[in-house]
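Numbering (my numbering), first residue to last: 74 to 368. Beta carbons are placed, not taken as given, at the ideal position from N, Cα and C, and that holds for glycine. The structure appears right after this line, and notes come after that.
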């Protein structure tokens, strides 16, 4: 009886990153390959717990256990490799990838690798997030040819897990506020920057300002405070309780945004530009920039 076969040709570059910017551990190069192997020949049983703390997993044995496998009708000289895909959304519009390692019949990934892939694809923050998981399976024969099990849209072992990444030294509050010449230096009446999304995923805050020629001539002074200082209603002597520049009176339209310490305040900027400007601050890079708004 003539066997039905399906031919697949693909080049795999599996990377630690999102689908838009992949960073991979490469599987062997793919060659034309015939297979008589069905998706139903693989059964994956999820053993992922409801929640995983990556730092704790790293300290224990640096492993995150994912699933156990049961395989039938595997061609001689072949083995199966699995690629984990993880995403914040069920449609996997953006996802990270990791190549799984097999420990007997149990698939694992290194917690340290998961952390790196998480930061690249999900968030730089330390807040726990619910992730969707799925797996692509590949038959590797003689360590040279690779065949995708099923078709490019075939995934196995769908599950979910709440992942807590490593603690982050970076602290970005949800909101930031501008004060200075614009509002008479009132912390309680500071002006809120525009922002959307998680501040660790999007650390850029913006605010449109208008500076008169007279204010520019005399110097338009400014500083930035985080939400915690704004809610206090007055200046706070604490680390990162206010942001400004290194040298008080710096007129630069762009440069480093510096946070104060508990003992030492930061300088205030003193802009000499007039007109409609967009102030952009990046709390991850520690930068600021005033740019003219096109009319």
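Since residue i and residue j are thought to touch, with beta carbons under 8 angstroms apart, how far apart are those beta carbons, to the nearest angstrom?
i	j	result
residue 245	residue 356	5 angstroms
residue 191	residue 225	In fact, because the Cβ distance is near 24 angstroms, the residues do not count as touching under 8 angstroms.
From the options, pick the residue whose C-alpha is nearest to that of residue i; which is it?
i	options	result
residue 297	287, 350 and 318	318
residue 294	364, 132, 125 and 251	251
residue 273	253, 264, 116 and 202	202
residue 265	281, 168 and 313	281
residue 157	167, 139 and 166	139
residue 153	121, 304 and 110	110
residue 337	175, 182 and 310	310
residue 261	145, 179, 304 and 269	304
DSSP three-state call for residue i: helix, strand or coil?
i	result
residue 95	The predicted model places residue 95 with a pLDDT of 41, which falls under 50 and marks its position as unreliable; any figure quoted below should be read in that light. Reduced to three states, the DSSP call for residue 95 is coil.
residue 356	coil
residue 249	strand
residue 143	strand
residue 113	helix
residue 321	coil
residue 133	helix
residue 300	helix
residue 83	Per-residue confidence for residue 83 stands at a pLDDT of 35, beneath the threshold of 50, marking its modelled position as unreliable; the derived number appears in the next sentence. Coil.
residue 232	strand
residue 351	strand
residue 305	helix
residue 291	helix
Report yes if the C-beta distance between residue i and residue j is below 8 angstroms; otherwise report no.
i	j	result
residue 247	residue 300	yes
residue 208	residue 228	yes
residue 323	residue 343	yes
residue 290	residue 302	no
residue 345	residue 306	no
residue 320	residue 340	yes
residue 366	residue 352	no
residue 169	residue 195	yes
residue 141	residue 118	yes
residue 234	residue 123	yes
residue 243	residue 183	no
residue 155	residue 193	no
Next on the checklist: I'd like the ranges of any beta strand (DSSP E) spanning at least 3 consecutive residues and lying wholly in the stretch 254-289.
Outcome noted: The stretch 254-289 contains, as complete beta strand (DSSP E) runs of 3+ residues, the segments 277-284 (chain order).
Item to check | Any beta strand (DSSP E) of 3 or more consecutive residues that is wholly inside the stretch 159-206 | outcome: The stretch 159-206 is shown to contain whole beta strand (DSSP E) runs of 3 or more residues at 169-172, 174-176 and 179-183, in chain order.
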